[in-house]
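Reading through the structure tokens given below for one structure.
Protein chains: 2
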Amino acid sequence: MSDIETQQMGLVARLLETWPHLPSEDRLQTFRNLATDDSEDFFLALGPRDHAGLFNDFNRAERRLWLRFLAPDDAADLIQELPETLRQEALGLIDEKVRREIIALLSYREDEAGGLMSPRFVRVRPDMLVAEAIRYIRQQALIVEQIFYVYVLDSNQRLLGVMSLRQLFVHAAEKRVSDVMEDKVVSIPDEMDQEQVGRIFQQHRFIALPVVDKDGRMQGIVTVDDILDVNQEEATEDIQKMGGQEALDAPYPEVTLPEMVKKRGGWLMLLFIGAIFTTNAMNHFEDVMKQAIVLTLFIPLILSSGGNAGSQATTLIIRSLALREIRLSDWWKVLKREVLTGVALGGLLATIGFLRIAIGGALDDKKVFTDHYLLVGVCVAASLVGVVLVGSVLGAMLPFILRKLRLDPASASAPFVSTLVDITGLVIYFSIARFILTGTLL
Amino acid sequence: MSDIETQQMGLVARLLETWPHLPSEDRLQTFRNLATDDSEDFFLALGPRDHAGLFNDFNRAERRLWLRFLAPDDAADLIQELPETLRQEALGLIDEKVRREIIALLSYREDEAGGLMSPRFVRVRPDMLVAEAIRYIRQQALIVEQIFYVYVLDSNQRLLGVMSLRQLFVHAAEKRVSDVMEDKVVSIPDEMDQEQVGRIFQQHRFIALPVVDKDGRMQGIVTVDDILDVNQEEATEDIQKMGGQEALDAPYPEVTLPEMVKKRGGWLMLLFIGAIFTTNAMNHFEDVMKQAIVLTLFIPLILSSGGNAGSQATTLIIRSLALREIRLSDWWKVLKREVLTGVALGGLLATIGFLRIAIGGALDDKKVFTDHYLLVGVCVAASLVGVVLVGSVLGAMLPFILRKLRLDPASASAPFVSTLVDITGLVIYFSIARFILTGTLL
Numbered sequence: 392m393s394d395i396e397t398q399q400m401g402l403v404a405r406l407l408e409t410w411p412h413l414p415s416e417d418r419l420q421t422f423r424n425l426a427t428d429d430s431e432d433f434f435l436a437l438g439p440r441d442h443a444g445l446f447n448d449f450n451r452a453e454r455r456l457w458l459r460f461l462a463p464d465d466a467a468d469l470i471q472e473l474p475e476t477l478r479q480e481a482l483g484l485i486d487e488k489v490r491r492e493i494i495a496l497l498s499y500r501e502d503e504a505g506g507l508m509s510p511r512f513v514r515v516r517p518d519m520l521v522a523e524a525i526r527y528i529r530q531q532a533l534i535v536e537q538i539f540y541v542y543v544l545d546s547n548q549r550l551l552g553v554m555s556l557r558q559l560f561v562h563a564a565e566k567r568v569s570d571v572m573e574d575k576v577v578s579i580p581d582e583m584d585q586e587q588v589g590r591i592f593q594q595h596r597f598i599a600l601p602v603v604d605k606d607g608r609m610q611g612i613v614t615v616d617d618i619l620d621v622n623q624e625e626a627t628e629d630i631q632k633m634g635g636q637e638a639l640d641a642p643y644p645e646v647t648l649p650e651m652v653k654k655r656g657g658w659l660m661l662l663f664i665g666a667i668f669t670t671n672a673m674n675h676f677e678d679v680m681k682q683a684i685v686l687t688l689f690i691p692l693i694l695s696s697g698g699n700a701g702s703q704a705t706t707l708i709i710r711s712l713a714l715r716e717i718r719l720s721d722w723w724k725v726l727k728r729e730v731l732t733g734v735a736l737g738g739l740l741a742t743i744g745f746l747r748i749a750i751g752g753a754l755d756d757k758k759v760f761t762d763h764y765l766l767v768g769v770c771v772a773a774s775l776v777g778v779v780l781v782g783s784v785l786g787a788m789l790p791f792i793l794r795k796l797r798l799d800p801a802s803a804s805a806p807f808v809s810t811l812v813d814i815t816g817l818v819i820y821f822s823i824a825r826f827i828l829t830g831t832l833l
Numbered sequence: 392m393s394d395i396e397t398q399q400m401g402l403v404a405r406l407l408e409t410w411p412h413l414p415s416e417d418r419l420q421t422f423r424n425l426a427t428d429d430s431e432d433f434f435l436a437l438g439p440r441d442h443a444g445l446f447n448d449f450n451r452a453e454r455r456l457w458l459r460f461l462a463p464d465d466a467a468d469l470i471q472e473l474p475e476t477l478r479q480e481a482l483g484l485i486d487e488k489v490r491r492e493i494i495a496l497l498s499y500r501e502d503e504a505g506g507l508m509s510p511r512f513v514r515v516r517p518d519m520l521v522a523e524a525i526r527y528i529r530q531q532a533l534i535v536e537q538i539f540y541v542y543v544l545d546s547n548q549r550l551l552g553v554m555s556l557r558q559l560f561v562h563a564a565e566k567r568v569s570d571v572m573e574d575k576v577v578s579i580p581d582e583m584d585q586e587q588v589g590r591i592f593q594q595h596r597f598i599a600l601p602v603v604d605k606d607g608r609m610q611g612i613v614t615v616d617d618i619l620d621v622n623q624e625e626a627t628e629d630i631q632k633m634g635g636q637e638a639l640d641a642p643y644p645e646v647t648l649p650e651m652v653k654k655r656g657g658w659l660m661l662l663f664i665g666a667i668f669t670t671n672a673m674n675h676f677e678d679v680m681k682q683a684i685v686l687t688l689f690i691p692l693i694l695s696s697g698g699n700a701g702s703q704a705t706t707l708i709i710r711s712l713a714l715r716e717i718r719l720s721d722w723w724k725v726l727k728r729e730v731l732t733g734v735a736l737g738g739l740l741a742t743i744g745f746l747r748i749a750i751g752g753a754l755d756d757k758k759v760f761t762d763h764y765l766l767v768g769v770c771v772a773a774s775l776v777g778v779v780l781v782g783s784v785l786g787a788m789l790p791f792i793l794r795k796l797r798l799d800p801a802s803a804s805a806p807f808v809s810t811l812v813d814i815t816g817l818v819i820y821f822s823i824a825r826f827i828l829t830g831t832l833l
């Protein structure tokens, strides 16, 4: 980042950039050194994990002050991050009314709509006049963080309609709220999974959406800034899984060594056990290798090409499924596409591979490539087409299969696909070699 | 998605879900069949690519109607997606005043702050009274899409302060705007890259930010819903690059076969040419293989383990760098961490691998594993530790090196790392074998 931008961003922004890299024992003092205004801005911008970290180090007076400073949904997130033993104490620092709000929020899972929502929103009654509604909103403005939309509720808290402040503003003061409100309201159930909530925001470009319980009673609002975090989390999880491991669920620098080994070791061992079948495949073709050791030279080259093609296909399809660009029922279209792509890509590599062997063989004095180097070239080229084709198709189909089995398509990691391709690739290569070279090298 | 949710989401939401899967020739008719209200909601929810698709199929009257229906920033995005030949015609359909706004927006690149912003925002003067300001905002509410914040500008359009409607509401009517506004304004330069804009939104949880030109004159606002798209695009690009290819820049189903081959073939050929060095490495150790063909059996197993460890490390570090959890200067900390992780993970695999060979060797009648099977097991185990260690370290360091060279760290794809590990892995394996087995098998 250039200096100009850093300057423009101000003290708080700069501190936010460096905060994750500050040793945790220096954080409290750094925070205490901020001017009141800055410390407020800064504290609001921190996430729940950092809130909880500071809370842990605060003295009792600070704990009380800063916990009450947060909106109830942020306070609930902070409390959720605290160790069990501190939670009761934290709840005890808050006034009865807000405590009830927070306890209600804590009953939701972190990853569902209810766990994301703020319980504070602006509400009006349908029979109010526009002028009355505006006055009423002015009173509520004192306790509500931000006014995105005004929600129209009946006496049972059931959601009847919605409008923006802007819409209220442009209507005549003597009209009724029920006549000017939008009554086709998109709302989300309080138990909807956050990933789906994120998708609805992404599709509709809403700033905030009302959350309702099973009986249609409005419980709160989810705002788009929460969705930024949700989408980032979900993308991080997918990326980490696509690397062939479990999602870390915490920033890399904060994961302890034993946890890291656990998150990575599980998949690594599973893939290793799968890859043991490559030794069986090799063993099965030992006679071929003994007679024509030149063939072994190309094993890593061929297998890695298949794995690379598979890695490309699987990342494309996993992301495309996640973005809903393609659906489960599109598997056939994707298969046809990948067959064509695989043949084209395999053909490219086969050409380079064949040329390499033909030129290498022609210039070769030591006869490493044997007299039959052109036949070896044909074997390698044909295997490359086969293995890239198999890689593309397996890589593309595996996410569909996982989705169909109700597993996470992102588990179709590059390493998973490579291992599958390694086993099939060896069989393809040696079968082709046996077919082409029997009578000459074999 | 369950039926209940689909129902609750309504016609427009359902159509948005199926739209990408409708054959393009059916889209226009489907759109025309919508009731006016629904078609408006639906059209607003579409992205620029789909806007342009419909625009292309519309008759002249529809083109005029729907282009004028969009806010200037969305209209500019639509026009940017049109083929060159249609752009002038599209601009001709719009009124002079809006056309000027759109032409100004078109002068920005799509991926900078100016290309994301809307030129319409609510402005007041610093010397207005709060009551005056509220009246003035009511007038502007007719042409402004949404009121997030109210911006205080001087007569040269320079940005002096900001406040939310809520803040205006809670202050007494007779106060001056300049006394109640927040004068420490975070603003973004019009040429800031969208990725950085996204990061600022993510950090500060803003709903909208003002965009200013070099002279500090306010040009428009970027809102958080645009950032959802930006972040999604950036994550998609990273994911695709991490799969070992160029970013597609379009949804998978819309990429033509030649384009697909181009985006994937470039890296695939590059990696293939790199992987040709594995044949050289193998060739270099041909004597070892000839004397102990049993060693070749484990080549795919060992190389894939190194590649998998590398894939894990590289995805973790690429994502962590993208999220700013770690910085370039943290490379040393990461290196130490990955050395420990690599040794631990390598140790796990080495144990499984050794046991497999020891048990296989003890039970082996055909003596495939030779009489020295325990020594072979030691070779394989030691190589596994070495190769997983090298994979973890290379995978973790490559993104740092690319960032340092001002290249995209996401290019440190799983395939790229695997190829590097393949070459070093072979050298490690055969060197260890030569060291341990000379005098017995060799």
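Protein sequences appear in the order of chains A and B.
Start counting the first sequence at 392; every next residue gets the next number (our numbering).
Start counting the second sequence at 392; every next residue gets the next number (our numbering).
Positions of the beta carbon are idealized from the N, C-alpha and C atoms, including for glycine.
Interface annotation, HIS412 of chain B: in contact with chain A, CB-CB separation under 8 Å.
A direct Cα-Cα distance of roughly 21 Å separates LYS488 of chain B from VAL613 of chain B. About 6 Å separates the CB atoms of VAL679 of chain B and ALA824 of chain B; that is less than 8 Å, so the two are in contact. Proximity of chain B to SER774 of chain A at the Cβ level (cut-off 9 Å) is not reached, the minimal Cβ distance being about 13 Å. Just measuring C-alpha positions, the residue of B:ILE485, B:LYS566, B:ARG459 sitting nearest PRO517 of chain B is B:LYS566. Below the 9 Å Cβ cutoff, chain B contributes no neighbours of GLU503 of chain A, its closest Cβ being approximately 13 Å away. Annotation for GLY697 of chain A: VAL778, VAL779, VAL781, GLY782, VAL812, GLY816 place their beta carbon closer than 7 Å to its own, counting only its chain and skipping 5 residues before and after. Annotation for VAL685 of chain B: no alpha helix (DSSP H) segment contains it, and DSSP assigns it neither H nor E.
Secondary-structure assignment with DSSP links VAL778 of chain B through no beta bridge to anything. Taking 8 Å as the CB threshold, PRO439 of chain B stays off the interface with chain A.
For ARG794 of chain B against LEU719 of chain B, the beta-carbon gap comes to about 6 Å, under 8 Å, which counts as contact.
With a contact defined as Cβ atoms closer than 8 Å, ARG710 of chain B and THR627 of chain A qualify at about 6 Å.
In this structure, the alpha-carbon of PHE807 of chain A lies about 9 Å from that of TRP658 of chain A. The Cβ atoms of SER569 of chain B and LEU550 of chain B lie no closer than 8 Å to each other. In the DSSP annotation of this structure, the continuous segment of the beta strand (DSSP E) that includes GLY552 of chain B starts and ends at 550 to 555. Counting the other Cβ atoms within 10 Å of the Cβ of ASP428 of chain B gives fewer than 16, which makes it exposed.
According to the DSSP assignment, LEU600 of chain A belongs to the beta strand (DSSP E) that extends over 599 to 603.
At least one CB atom of chain A sits nearer than 8 Å to the CB of PRO644 of chain B. Here THR829 of chain B is exposed: its Cβ has fewer than 16 other Cβ atoms, across all protein chains shown, within 10 Å. Here ASN622 of chain A is buried. Its C-beta has 16 or more other C-beta atoms within 10 Å. Assignment of beta-bridge partners to SER809 of chain A by DSSP yields no partner. For GLY751 of chain A, there is no enclosing beta strand (DSSP E); the enclosing alpha helix (DSSP H) covers residues 722 to 754. SER696 of chain B reaches chain A at LEU659, LEU662, PHE663, ALA666, counting residues in chain order whose Cβ is nearer than 9 Å.
ILE579 of chain A has A:VAL602 as its beta-bridge partners, per DSSP. Residue range 540 to 544 is occupied by the beta strand (DSSP E) that includes TYR540 of chain A. The three-state secondary structure of LEU520 of chain B, taken from DSSP, is strand.
ASP468 of chain A counts as buried, since at least 16 other C-beta atoms from the protein chains shown sit within 10 angstroms of its C-beta. Here SER498 of chain A has GLY505 as same chain residues with Cβ atoms under 8 Å from its own Cβ, once five neighbours each way along the sequence are excluded. ALA532 of chain B is positioned such that its CB atom lies no closer than 8 Å to that of ARG529 of chain A. One Cα belongs to LEU507 of chain B, the other to VAL603 of chain B, and the distance between them is close to 13 Å. Any Cβ of chain B closer than 8 Å to the Cβ of VAL652 of chain A would place that residue at the interface, and such an atom is present. Take SER415 of chain A, set aside five residues on each side of it, and the residues of its chain with a beta-carbon closer than 7 Å to its own are GLY444, in chain order.
For ILE667 of chain A, the secondary structure class from DSSP, reduced to helix, strand or coil, is helix. Residues of chain B with a Cβ closer than 8 Å to the Cβ of GLN585 of chain A do not exist, since the nearest Cβ in that chain sits about 14 Å away. Close to GLY401 of chain B, with beta-carbon spacing below 8 Å, are these residues of chain A in chain order: LYS575, VAL577.
Neighbourhood of PHE512 of chain A in chain B, by CB distance below 8 Å: empty, with the nearest CB roughly 12 Å away.
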